[in-house]
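Trainee: Protein chains in written order, with the numbering used here: chain A, 1 to 434; chain B, 1 to 434.
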C-alpha cells in the first residue's frame, strides 16, 4: 500500500504547522478581543441545506454523496451553515449576535497551484434582528486591521466601498435594469485594460456616453477624504446613493476613532464583490507589494442572512480570511518564519540511562511551573543528543550526568549564547522561566 | 426550505461552545507543555489509504464516496492518517517525533444517545525509529493525568496494564494459539458476570482448571505495589511475561517521579483494549463516580505504526480523548459550568446614539490594552441595554451619557458588586484590567 495524500489538500511539516497554528491562535485571540463568541458547525450537512443558496459554480464543486437514503454534502463555506444556525436557534441567541468560526471548508476545484480543495476559513459576523447599526461595519474593519497587524504581515490595505453608491449612481443614469450586470463587470476593472472594460459595457447595450461616466465614477482616485468629497460633489439626487455616501462616511470616521491607521484603509469605488448577496459596505484586502495574492480577506454587509430558511429578517456584516491560501502564498514568498526554535523552552538530556529518573523528575517539576519541557529518552551517544538539540533549536538544554546526579544539581546551557551554568533546582526554574 | 442539522452531529449554543473551546484550549496547552508539536491532516483521504488497516466494523461505518474517478473517504480516526503521515514524511521528521492532533473524525453509526457521527478526537503519540524507550509510556500517563486535572473534571482513575503479561501468562499455560481470543474476551470481564466469563472461556475449548487460573490472574486486586508483587510472585519463566512486568514496574515508578498522584493510577490486569494493534502498555480512564461513561481516554503502546505502508519500523505510544462524547456526558450530568459570564471583560453602552463616537473610541483603547471589550450599538431604550448586559453576565459595564461625555470620563459599573464609579480613561483601564 502506497502512502499518499490527495492533491489539493494541504499537509504541513511540524515546523510549518507550528507557524500555521500560531496564525490561527492570533486570529482566534483577536476575534475574542473584539467580543466575538466561538461557533462550530458540522462539516457535513444535508445537501439541500447547503445548496439552498448556491449558484451553479458551487454545485459543480461541492462534495456531495449519499449515505443510506440521505443526500449529504461537505460545507463549501461557513456562511450557509451560519444562516442555518441562526434560523434554527435564533430564539436562544442574544442579539446582536457576534460569532467567529475557524474551520475547514471543501471545494472540489480542478487542482492547480495555490488552489486548495480543503481550506480554512476564519470568519466573523455580526448579526442583529431587523436592523444592524452601520457602526458595526467599522468594527469589522478594525478587526481585519488588528488581525493583520498582529500577524505581522507585509504592508496591506483594506479596500472599502458601499454598493449603494454605484447602484444609486446607475439608477440616476436610468439604467437600473442593468445594475447587476454592471456591478459584476466593475469587479473586473483591475484585471482588464480600460478599453476592454468599455468594450464590455458596450456589449451590455449601454450608450458610450454613459459608459465613460461609469468608468470615471469607479476610478475616482485620491485620499479617502478626497473621494468622499468627490462623491458628495456629484450631488446625485437618489435615495440609495445618499444612504451609501452617509454610510461610507460613518464607517471611515468611526474607523479613525477605533484607532485604525488611515494609511491601511482605501476607499475604492471599483470594489463591488461579485455576489448579489452584499447590499452595502464591501471589503477586500490586498498586500501593497503582492497584489498577485488577490484579496486575502473579504466580506461585506448583507440585508438578510437566513432568508431562504425563514421570514424573520437578520441583517449582518462579516468578513472571511482564507487562511490556507494566505499561508501558502506567504510561504511561497519566504515571508513566514518557518524553522524557528521549537516551542519547548527546555530539553533535558542525560549523559547515560542511569540518570533517567532524575531527568523525568525534573521534567515533571518544570511542567508544574508551566514551562514547556521535553525529555530526550532515546538511548544513544551523547553527540546524537546534542545534534537533536541543535536541530530543534531548543532555547535551553539541561544536562544531567554523574556530577550533577551526585551533587543534586543541573547543567543549564543557553543554546543561543553557549553559556553554561551549574544550578540548583530553584535557580534552574527561575533561569528557564525568565 | 427547512433549516435542519443532521442527527448525530453536535451543534452547540454559544454559552456551551465557550466551554467546549475552553476544554480544547486546556488540552492543546497541556499537550504543548509536554513538548508535543501540532499536526493537522486532511479530513478526506483516499479510501484505500484509510481502509488499509481497518476491520469490518469500520468499513461499514465509514463515509466513502466517489468524486470523479477517485474513491474518497472521511477519516474515522487520527491514527491511520498519522501512520500515512509518518510513512510519507519520515525523512523530514526529527525522531523521537511527538505530535498532537485535535480534529474531527467521522463514523456513520446508527444514531443513538451519546453516539456521534462527527466527533473530536484529541490524540498524542510519541514515535521513534526501531526502538522507543519505555519511559515514554510514563510520560503519556503524565499527560492524561495533567489534562484531566487541568480540566477540573470529577475524580478519575487511569487503569493501566501491559499486554505482554497476559500473553506471557497464556504462553506459560501452553495456550498460545488462543491468546487473541482470550485477550478479546478479557476485555469483557467488567461487563459480564464471572460465571458467564468462565462459560465463554469454556466455549474456546479450554480446560476448566486453566480457566480458573486465567480468571484469578486478571482479577488480582490491591494497590499497584501489591499487584506488582503478586505478579512477581507468580515467578513465571517466560520472556514476554518478564518484559511486561519490568515495563509495568518502570512505568509505575516513573509515573511517581513525574509527580502523578498514585491514587489516580490503578494497575488492572483485565484491561487489554480489544485491538490487536496494541502490544505493551495499555491505558483506559474512568471517572470514579460515573463508570457508565465508559473509558474517556484510552490508548497504548504499538510495535509498528506504519507497517502497512513501509518496511521501516516505527514503534509508538499514544492516547486519544473522545472529546465530543466526554463533553456530552459531562453536560448530561450537569458537570460543566455552562452559562457563565461572557469571556468579554467589559461592555460599553451609551445613554443615546449621540455618544457612539466616544463608545467606539473607548472600545479601541481597551482592546489596545488587550482587554476583550464589546460595544453595544443597537439603538434602543436604555433598559434594554441593561437587560442585555445582565443576560450576558459581563463583569464590567461602562456607561457613557451626557455628563460623562461633557466631563470626558466614564461610569464603570462592577456588575457583580453593583459598585459604580466615575473614572478617567487611565483609571478605567487600570480598574478593568485588574
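Using N, Cα and C, we set each Cβ at its ideal position, and we do this for glycine too.
Assuming residue 254/B contacts residue 135/B (C-beta within less than 8 angstroms), just tell me the rounded distance between them.
Mentor: Between residue 135/B and residue 254/B the Cβ distance is about 5 angstroms, and since that is below 8 angstroms, they are a contact.
Trainee: Looking at the secondary structure, which residues open and close the beta strand (DSSP E) in which residue 350/B lies?
Mentor: 346 to 350 is the span of the beta strand (DSSP E), which, as asked, contains residue 350/B.
Trainee: With a cut-off of 8 angstroms on the beta carbons, I'd call residue 118/B and residue 42/A a contact; round off their distance for me.
Mentor: That pair is a contact at about 5 angstroms.
Trainee: Taking only three categories from DSSP, how would you classify residue 74/B?
Mentor: Strand, per DSSP.
Trainee: Put residue 109/B into one of helix, strand or coil per three-state DSSP.
Mentor: Correct three-state label for residue 109/B: coil.
Trainee: Are the C-beta atoms of residue 409/B and some chain A residue less than 8 angstroms apart?
Mentor: It does not: the Cβ of residue 409/B has no partner Cβ on chain A nearer than 8 angstroms.
Trainee: For residue 160/B, which option in 132/B, 107/B, 225/B has the closest C-alpha, if you only look at C-alpha atoms?
Mentor: Ranking the options by Cα distance to residue 160/B, first place goes to 225/B.
Trainee: Residues of chain B with a CB under 8 angstroms from the CB of residue 1/A: which are they?
Mentor: Per Cβ cutoff of 8 angstroms: 48, 49, 52, 308, 309.
Trainee: Just the C-alpha distance for residue 163/A and residue 234/A, rounded to the nearest angstrom, thanks.
Mentor: Distance between the alpha carbons of residue 163/A and residue 234/A is about 16 angstroms.
Trainee: Which stretch, first to last residue, makes up the alpha helix (DSSP H) that contains residue 5/B?
Mentor: Segment: none, residue 5/B is in no alpha helix (DSSP H) and carries neither H nor E.
Trainee: With three or more beta-carbon pairs closer than 8 angstroms as the criterion, would you say the region 320 to 332 of chain B touches the region 10 to 28 of chain A?
Mentor: Cβ pair count under 8 angstroms is below three, so no.
Trainee: If you measure between the beta carbons of residue 44/B and residue 72/B, is that distance less than 8 angstroms?
Mentor: Against a cut-off of 8 angstroms, the Cβ pair of residue 72/B and residue 44/B comes out as a contact.
Trainee: List the endpoints of the continuous alpha helix (DSSP H) containing residue 225/B.
Mentor: Looking at the DSSP string, the run of the alpha helix (DSSP H) that includes residue 225/B is 224 to 234.
Trainee: Give the interface partners of residue 99/A over in chain B, defined as CB-CB distance under 8 angstroms, in chain order.
Mentor: What residue 99/A touches in chain B: 14.
Trainee: Taking CB distances under 8 angstroms as the criterion, tell me whether residue 144/A reaches chain B.
Mentor: For residue 144/A, the answer is no, since every Cβ of chain B falls outside 8 angstroms of its Cβ.
Trainee: If you scan the region 103 to 160 of chain B from start to end, which runs of the beta strand (DSSP E) of 3 or more residues do you find wholly inside it?
Mentor: Qualifying beta strand (DSSP E) stretches, in chain order: 118 to 127.
Trainee: Are the region 309 to 319 of chain A and the region 348 to 367 of chain A in contact at 8 angstroms, needing three or more beta carbon pairs?
Mentor: No, they do not touch.
Trainee: Suppose the cutoff is 6 angstroms on Cβ atoms and the five residues either side in sequence are ignored; what does the same chain contact list for residue 97/A look like?
Mentor: Taken in chain order, the residues that qualify are 127.
Trainee: Enumerated in chain order, which unbroken segments of the alpha helix (DSSP H) with a length of 4 residues or greater are wholly contained in the region 290 to 347 of chain A?
Mentor: For the region 290 to 347 of chain A, whole alpha helix (DSSP H) runs of length 4 or above, ordered along the chain, are 323 to 332.
Trainee: So which residues on chain A does residue 193/B lean against when the C-beta distance must stay under 8 angstroms?
Mentor: Those within 8 angstroms of residue 193/B in chain A number zero; the least Cβ separation is about 37 angstroms.
Trainee: By the criterion of Cβ-Cβ separation under 7 angstroms, what are the contact partners of residue 9/A in chain B?
Mentor: 42, 44, listed in chain order.
Trainee: Using the C-alpha atoms, what's the distance from residue 22/A back to residue 315/B?
Mentor: So the alpha carbons of these two residues sit roughly 29 angstroms apart.
Trainee: Consider the Cβ of residue 279/B: report whether some Cβ of chain A lies at a distance smaller than 8 angstroms.
Mentor: So, not an interface residue.
Trainee: Please tell me whether residue 225/B has its Cβ less than 8 angstroms away from any Cβ of chain A.
Mentor: No - not a single Cβ of chain A is within 8 angstroms of the one on residue 225/B.
Trainee: Say whether chain A places a C-beta atom closer than 8 angstroms to the C-beta of residue 370/B.
Mentor: Yes, its Cβ sits closer than 8 angstroms to a Cβ of chain A.
Trainee: Name the chain A residues that come within less than 7 angstroms of residue 149/B, Cβ to Cβ?
Mentor: The contacting residues do not exist; residue 149/B stays about 10 angstroms from chain A at best.
Trainee: Under a three-way DSSP split, which group does residue 100/A fall into?
Mentor: It is a strand residue.
Trainee: Where does residue 306/B land, buried or exposed, given buried means 16+ other C-beta within 10 angstroms?
Mentor: Counting Cβ neighbours within 10 Å, residue 306/B comes out buried, since at least 16 surround it.
Trainee: Ignore the nearest five residues each way along the sequence and tell me which others in residue 52/B's own chain have a CB closer than 6 angstroms to its CB.
Mentor: Cβ within range, chain order: 308.
Trainee: Select from the region 100 to 115 of chain A all residues with a C-beta closer than 8 angstroms to any C-beta belonging to chain B, and list them in chain order.
Mentor: Residues passing the 8 angstroms Cβ filter: 104, 106, 108.
Trainee: Is there a Cβ from chain B that is less than 8 angstroms from the Cβ of residue 79/A?
Mentor: Not one chain B Cβ lies under 8 angstroms of residue 79/A.
Trainee: Can you tell me whether DSSP reads residue 280/A as helix, strand or coil?
Mentor: Three-state result, residue 280/A: strand.
Trainee: My understanding is that residue 339/B touches residue 240/B, with C-beta atoms under 8 angstroms, so please give their C-beta distance in whole angstroms.
Mentor: Between residue 240/B and residue 339/B the Cβ distance is about 52 angstroms, and since that is not below 8 angstroms, they are no contact.
Trainee: For the putative contact between residue 346/B and residue 394/B, defined by C-beta atoms under 8 angstroms, what is the C-beta separation to the nearest angstrom?
Mentor: Residue 346/B to residue 394/B, Cβ: 7 angstroms. Contact.
Trainee: Quick one: does residue 67/A have its CB under 8 angstroms from some CB of chain B?
Mentor: So yes, residue 67/A belongs to the interface.
Trainee: Any beta-carbon of chain B closer than 8 angstroms to the one on residue 395/A?
Mentor: For residue 395/A, the answer is no, since every Cβ of chain B falls outside 8 angstroms of its Cβ.
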